[in-house]
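Report on the following structure.
2 protein chains.
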Amino acid sequence: MLAGMSLRIALLGLLSGVGPASGYDLAKKFEHSLNHVWQAGHTQIYPELVKMAADGLVTVEHEGARGRKIYAITPEGRALLTDWLIGHDPSATVRSETALQAFLLPLLNTEQAIAVVERIKAHFVARLAVLDCVPEGSRLGNYALTLGLRQVRSGVAWADETLAALRREG
Amino acid sequence: MLAGMSLRIALLGLLSGVGPASGYDLAKKFEHSLNHVWQAGHTQIYPELVKMAADGLVTVEHEGARGRKIYAITPEGRALLTDWLIGHDPSATVRSETALQAFLLPLLNTEQAIAVVERIKAHFVARLAVLDCVPEGSRLGNYALTLGLRQVRSGVAWADETLAALRREG
DNA sequence: GACTGATAGGTAAGAGCTGACATGTCAAGC
DNA sequence: GCTTGACATGTCAGCTCTTACCTATCAGTC
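First to last, the sequence lines map onto chains A and B. Residue 297 is where the first sequence starts when you use the working numbering, and the numbers rise one by one after that. Residue 297 is where the second sequence starts when you use the working numbering, and the numbers rise one by one after that.
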């Protein structure tokens, strides 16, 4: 099980959850639900689907209007998906620009630090607003939604706590 | 301000916070503190320091034993660092394998889902243990530590909630 | 003297990802 | 008939990052 097959898994998961779809559909789905969990644009998705078809994980079910190609997950794809979900130990790699700014906060004076934390808080709040608008009951993604909400709320709480601390010492 | 200069910022931040250091030192610092916020191995750090020196952001202060090269941040480097901290709007790009597994949980049966969430929880707990052992008072990183602790704890809370829900329905 | 492990610094192939560009279809409104 | 905008699919350069590999020094131990 190679690392860095998360894009494949995400695509297989969508195909498994919502049924056959075109690359375009999958890109839209990424934008409107999965993007809180994994990012990918159409420039990544289209070539990946071609490779996945070559590997037998998906098939082109039929071609529709405007060159629209509908992909469906194969039994091999379903097997890979389930194996990954059950067996893959998620890597702990984190790359958060927000956390990096938090890390480096002590390099700024109090006034500057307050401004930075205010902006970080605004970011968390905006994200919270987006997550609150995600429709529930779409089967896939509900658990990720509650996880995201919890983590974003804890981000807001951190920002408030940090702002209070900075203002006390400032 | 280009995107994807976070590695530079992280290195400049360390040099600014702890003073001149070698690539090796910086790699160690990454491993023991920054890696909860941003990942980078020595294979990324060494070439990046060379490029940063070429761009005038750092200088080789002197060379020590065993070819050890000590880098120091320059005024230009300090200016770039401060500008980024104050002016950079952190990108919201997320790529979390854990969250992806959470997203796809509904594709599994209850028994399998419980096993996956148990593993995710174990991951969060392990991370919590690591963060609890990070020495406080090291100036840099304290704010990121409290942020990380909050988010990991909310991860554990989510896992407990989700396990309870799965066991009710199972 | 030989071996081990930490120190110290790299290179290079290839995978992953971003942003810019390119092409063409189809429906709706003017 | 023409334009606009959504639909639909792709390529490519360039950057980031990971993995595997390589070299060499020095201290301590068997």
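Here a beta-carbon is modelled for each residue, glycine too, at the ideal position from N, C-alpha and C. These numbers were taken from a predicted model, which means no experiment stands behind them.
Contact under 8 Å by Cβ, residue i with residue j
i, j, result
"V346 of chain B", "V390 of chain A", "no"
"R438 of chain B", "P402 of chain A", "Per the sequence shown, the amino acid found at residue 438 of chain B is Asn instead of Arg. Cβ distance < 8 Å, so N438 of chain B and P402 of chain A count as in contact."
"A440 of chain B", "F326 of chain A", "no"
"V448 of chain B", "R423 of chain B", "yes"
"S302 of chain B", "L404 of chain A", "no"
"I366 of chain B", "A317 of chain B", "yes"
"L376 of chain A", "L353 of chain A", "yes"
"E357 of chain B", "A368 of chain B", "yes"
"I341 of chain B", "L307 of chain B", "yes"
"L462 of chain A", "T406 of chain A", "yes"
"A455 of chain B", "V413 of chain B", "yes"
"T355 of chain A", "T370 of chain A", "yes"
"L427 of chain B", "G444 of chain B", "yes"
Residue i: first and last residue of the uninterrupted beta strand (DSSP E) it sits in
i, result
"E359 of chain A", "354-359"
"A368 of chain A", "365-369"
Unbroken alpha helix (DSSP H) run spanning residue i, endpoints
i, result
"N438 of chain B", "438-465"
"M348 of chain B", "338-350"
"S302 of chain A", "302-314"
"H328 of chain B", "319-328"
"Q408 of chain A", "406-429"
"L396 of chain A", "393-400"
Assigned exposure category for residue i - 16 Cβ within 10 Å defines buried
i, result
"R304 of chain B", "buried"
"H419 of chain A", "buried"
"T394 of chain A", "buried"
"E344 of chain A", "buried"
"T339 of chain A", "exposed"
"L310 of chain B", "buried"
"G373 of chain A", "buried"
"A425 of chain B", "exposed"
"L298 of chain A", "exposed"
"A361 of chain B", "exposed"
"G466 of chain A", "exposed"
"A350 of chain B", "exposed"
"G313 of chain B", "buried"
"R446 of chain B", "buried"
"G363 of chain A", "exposed"
"G383 of chain A", "exposed"
"G300 of chain B", "exposed"
Contact list for residue i against chain B, beta-carbon separation under 7 Å
i, result
"A350 of chain A", "The contacting residues do not exist; A350 of chain A stays about 23 Å from chain B at best."
"H358 of chain A", "Neighbours of H358 of chain A on chain B: none; closest Cβ ~24 Å, over 7 Å."
Contacts of residue i in chain A (Cβ-Cβ under 8 Å)
i, result
"I305 of chain B", "L396, L400"
"R435 of chain B", "P402"
"S468 of chain B", "Residue 468 of chain B falls outside the range modelled here, since chain B spans only 297 to 466, and no answer is possible."
Neighbouring residues, chain A, relative to residue i (Cβ below 9 Å)
i, result
"G309 of chain B", "L396, F399, L400, L403"
Contacts of residue i in chain B (Cβ-Cβ under 8 Å)
i, result
"I382 of chain A", "L404, Q408, A411, V412"
"R423 of chain A", "A388"
"G315 of chain A", "Neighbours of G315 of chain A on chain B: none; closest Cβ ~13 Å, over 8 Å."
7 Å Cβ cut-off: residues of chain A touching residue i
i, result
"S312 of chain B", "L403"
| said: Can you pull out the residues from the region 438-458 of chain B whose beta carbon lies closer than 8 Å to at least one beta carbon of chain A? | reply: N438, Y439, A440, T442, L443, G444, R446, Q447, R449, S450, G451, A453, W454, E457, T458
| task | Can you give me, in chain order, the residues of the region 386-413 of chain A that have a beta carbon less than 9 Å from any beta carbon in chain B? | result | P386, S387, A388, T389, V390, R391, S392, E393, T394, A395, L396, Q397, A398, F399, L400, L401, P402, L403, L404, Q408, A409, A411, V412, V413
| query | Using Cβ-Cβ distances below 8 Å, what residues of the region 364-376 of chain A are close to chain B? | reply | none
| query | Using a beta-carbon distance cut-off of less than 9 Å, what residues from the region 326-337 of chain B approach chain A? | reply | S329, L330, N331, H332, V333, W334, Q335
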